[in-house]
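The structure under discussion appears below in the form of structure tokens.
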Amino acid sequence: MEMECCSYMLPLVASCFFFLCSFFHALLATRRRSGDVCCGSRHAPRSHPVLGCLVEFYRNRRRLLDWYTGLLAASPSQTVVVERLGARRTVVTANPANVEHLLKANFGNYPKGKPFTEVLGDLLGGGIFNADGEPWRAQRKLVSHEFTARALREQVGAALEAEARARLVPALDAAAAGGGEVDVQELLRQFAFNVICRVSLGADPGDETALPLSRLAAAFDAAAAIVARRGAAPVAAVWKAKRALGVGSEQRLREEVGVIHDAITELVRRGRRKHRSRDDLVSRMAAAGYGNEAIRDMVISFVMAGRDTTSSALTWFFWLMTRHRDVEDEVLGEIESASRTCGRDGDGGVGVGVDLDGSRRMRVLHAALCETMRLYPPVAWDSKHAAGADVLPDGTRVARGDRVTYFPYGMGRMESIWGADAGEFRPRRWLLAPPQDGEGVSPFKFPVFQGGPRACLGKEMAFLQMKFVASAVLRRFELRAVDEGRSPVFVPLLTAHMAGGLRVTVRRRTRQQKGTCCESAVASRTS
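Taking our numbering, I'd label the letters of the sequence shown as residues 1 to 527.
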């Protein structure tokens, strides 16, 4: 009986201890900052002594993204300061000048920082997306070389073609033949996961005897959701207490991470044994002298980045195509034109005309994908932690240890950045944008792929994959949302997704439809 009582009391005692520590920490912080005035503070959420903005967080917990967007839009500098219970304050910004300062001009002062790496560390370990300093630079150098290698580009193209032939197109064909529905989001997530497993692990998704990839995918889902809730928690002491005691969601996280580590470690061992005859990422890292644990952490980072980001963007893209038939016609016309240019307007190749060079020529599709990610970015926000005191370009003072968050979701909705039509889906804005740094729009105005020294190395491969899938699907099938009147809910976890998925009906396109789309696209471009 006494042991049973203790098992119930321990979490309560630990939580009280953490709360008291947080209370006194917050009280001292409030006193220290009582005279601190910063740009945009009048537009910050209401802050209470000790509690900080906890009450406002709770009131707006079901609409945090739109709440923050409204606060930032009301601030003259598009920056607000948020006081948090038991933690350093957070500076949140949607100001492109501030974003450039964080990611490029004063990059050295804004690492991810210990609070960030602690949240993700149980899952990502020391992988490139959770590393700072010299470990990050060493991994970045290796990965940068790999992403510029022709062999990797060819391997990605082959993996896309193989997966589309084996599973993506047959699944949509079956739905079209049977007159049923399919969840495009789930289909795309499985496709992206299988592709990244082929490229990074050398694993054949069809061989469940070699490794149960379906169980691995489920473990990634569960673990990612739990660490995302860690990052969004207004009081970090709660999840830290649960982790220390090994209870609740933290116990589940430990179990799922164990599944991930065991599976990846086994594949790393196989890759090391066979690296002379294989061309996947595991084999190349093994050849470069990395140990099993370092390779495991790198692979986990790659899987997390490569699986959900492109599938998230494509899910919203296909939904927007069902709402904007004129844009869909223009995109399809460009796809058909690309297939004729490469002399393959039959169905001999799934991704007709979409190799790396071909994808770079697809300007209309590129614009539609960028516009999709402007409104529905795969990563809604990202944070750094100040290594030293600083002043942002808009005049906001940053103290050592403060969290500084830039907010792509809100930036995509700022009229001060995109004009009065910021809330509208208008891909043509990307075709009319003046050139800047070789691109149409500054990466600090559109930081979906970050910018500066930590700019996404996989950006070109991500666009290749998205254009490949968009071409393979739109060229063969007409997708229509089952509930056309529904406004989907954008859910931001580590990467965003559409709540409830995207259920569509599928019909095969006729050649007459393709021809009509091509003619309308040509007419649109010449008008």
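For every residue, glycine included, the Cβ atom is placed at its ideal position computed from N, Cα and C.
- Bounds of the beta strand (DSSP E) holding LYS384 are 382–385.
- Counting only residues of its own chain and dropping the five nearest sequence neighbours on each side, LEU267 has a CB closer than 7 Å to the CB of LEU201, ALA203, LEU211, VAL282.
- The criterion of a C-beta distance shorter than 8 Å is not satisfied by ALA499 and PRO492.
- Taking a contact as a CB-CB distance under 8 Å, the pair GLY388 and ARG400 counts as one, their CB atoms being some 5 Å apart.
- For ARG189, the uninterrupted alpha helix (DSSP H) segment begins and ends at 184–201.
- Separation of GLU484 and GLY178 (C-alpha to C-alpha, rounded to the nearest whole angstrom) is 21 Å.
- Cβ contact annotation for GLU100 (same chain, cutoff 6 Å, sequence separation greater than five): PHE444, in chain order.
- For VAL506, the pairing in a beta bridge is given by DSSP as LEU479.
- Three or more beta-carbon pairs separated by less than 8 Å link the stretch 119–126 to the stretch 222–241, which places the two stretches in contact.
- When Cβ pairs closer than 8 Å are counted between the two stretches, the stretch 73–81 is seen not to touch the stretch 423–431, the count staying below three.
- With a contact defined as Cβ atoms closer than 8 Å, SER312 and PRO378 qualify at about 4 Å.
- The shortest C-alpha to C-alpha distance from MET466 to any of ARG397, GLY333, VAL156, THR265 is the one to VAL156.
- Around the beta carbon of GLY127, a 10 Å sphere encloses 16 or more other beta carbons of the protein chains shown; the residue is thus reported as buried.
- Contact between the stretch 92–110 and the stretch 67–74 is established, with three or more Cβ pairs separated by less than 8 Å.
- Taking C-alpha positions only, ARG153 is separated from ARG59 by approximately 47 Å.
- It is roughly 34 Å from the alpha-carbon of GLU56 to the alpha-carbon of ARG307.
- MET498: member of the beta strand (DSSP E) spanning 496–498, first to last residue.
- By the Cβ test, the stretch 325–335 is in contact with the stretch 358–377, since at least three Cβ pairs between them sit closer than 8 Å.
- By the criterion of a C-beta distance shorter than 6 Å, THR69 is surrounded in its chain by GLY410, ARG413, once the five residues flanking it on both sides are discounted.
- Straight-line spacing of the CA atoms in ALA236 and ARG84 works out to 10 Å.
- Around the beta-carbon of ALA244, fewer than 16 other beta-carbon atoms lie within 10 Å, marking it exposed.
- DSSP places ARG426 in no beta strand (DSSP E); its state is neither H nor E.
- Sequence-distant partners of TRP418 (beyond 5 residues in either direction) whose C-beta falls short of 6 Å from its own C-beta are missing from its chain.
- Taking 8 Å as the cut-off, the Cβ atoms of ALA481 and THR372 do not count as close.
- Going by beta carbons, ALA223 and VAL257 fall inside the 8 Å limit.
- Of all alpha-carbon atoms in ALA305, LEU392, ALA472, the one lying nearest the alpha-carbon of VAL354 is that of ALA472.
- For TYR406, the enclosing beta strand (DSSP E) covers residues 403–406.
- With at least 16 other beta carbons inside 10 angstroms of its own, ALA175 counts as buried.
- The C-beta of GLY108 has fewer than 16 other C-beta atoms within 10 Å across all chains shown, which makes the residue exposed.
- Per DSSP, reduced to three states, the secondary structure at ASP308 is helical.
- Rounded to whole angstroms, the separation of the alpha carbons of VAL299 and PHE317 is 27 Å.
- Taking VAL199 as the centre and dropping the five residues before and after it, the same chain places the C-beta of GLN155, VAL156, ALA159, ASP280, LEU281 closer than 7 Å to its C-beta, in chain order.
- Inclusion of SER359 and PHE463 in the CB contact set at 8 Å is warranted, their separation being smaller than that value.
- In this structure, ASP394 and ASN98 form a Cβ contact; the two beta carbons are roughly 6 Å apart against a cut-off of 8 Å.
- As the crow flies, the alpha-carbon of PHE446 is around 24 Å from that of TRP136.
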